[in-house]
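Working notes for the structure below.
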């Protein structure tokens, strides 16, 4: 490269700089897209986990029974305390008169019959 004139070296280095700048922009775009995809995958996993879960709404008055909802039920919007099937079984044992939400019908996803005394379809 020392046999090149100064102006030729300047032109070559400017070309290299421009190419490296282009490569940097491409790499930044790729990183941004990968991060967006990763975030979307995480969000989808969270949604799937919530949809496959249940949540227990505490009784609102003394002596009343708690109510079981599907994880994505809009009537009880807490973002905490999602239960898996094993924990729901424990809740059913502890609260034999456990109420079940009529809107989200959690008994279907549990594979248990509709609770008695409910208006049927």
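Residue numbers (our numbering): 785 to 905.
Positions of the beta carbon are idealized from the N, C-alpha and C atoms, including for glycine.
Owing to the predicted nature of the structure, the values given are computational and were not obtained by experimental measurement.
Take the Cβ of residue i as the centre, count every other Cβ of all protein chains shown within 10 Å, and call the residue buried at 16 or more, exposed below.
{"i": "residue 816", "result": "exposed"}
{"i": "residue 791", "result": "exposed"}
{"i": "residue 873", "result": "exposed"}
{"i": "residue 803", "result": "exposed"}
{"i": "residue 904", "result": "Below a pLDDT of 50, predicted positions are generally treated as unreliable, and residue 904, at 43, falls in that range; the measurement from the model is reported next regardless. With fewer than 16 Cβ atoms within 10 Å of its Cβ, residue 904 is classed as exposed."}
{"i": "residue 837", "result": "buried"}
{"i": "residue 842", "result": "exposed"}
{"i": "residue 890", "result": "buried"}
Below 8 Å on the Cβ atoms is my contact criterion, and I expect residue i with residue j to pass it. Report the Cβ-Cβ distance as a whole number of Å.
{"i": "residue 859", "j": "residue 840", "result": "The Cβ separation is near 13 Å, so there is no contact."}
{"i": "residue 856", "j": "residue 835", "result": "5 Å"}
If distances are taken between C-alpha atoms only, which option among the options comes closest to residue i?
{"i": "residue 833", "options": "842, 843 and 854", "result": "854"}
{"i": "residue 868", "options": "893, 882 and 827", "result": "893"}
{"i": "residue 884", "options": "845, 898, 825 and 847", "result": "898"}
{"i": "residue 850", "options": "831, 830 and 882", "result": "882"}
DSSP puts residue i in a beta bridge; with which residues?
{"i": "residue 839", "result": "853"}
{"i": "residue 864", "result": "None, per the DSSP bridge assignment."}
{"i": "residue 883", "result": "851"}
Under 8 Å, Cβ to Cβ, is there at least one residue of chain D near residue i?
{"i": "residue 888", "result": "Any reference to chain D falls outside this structure, which holds one protein chain only."}
- Give, in chain order, every unbroken run of the alpha helix (DSSP H) that is at least 4 residues long and sits entirely within the stretch 791-817. none
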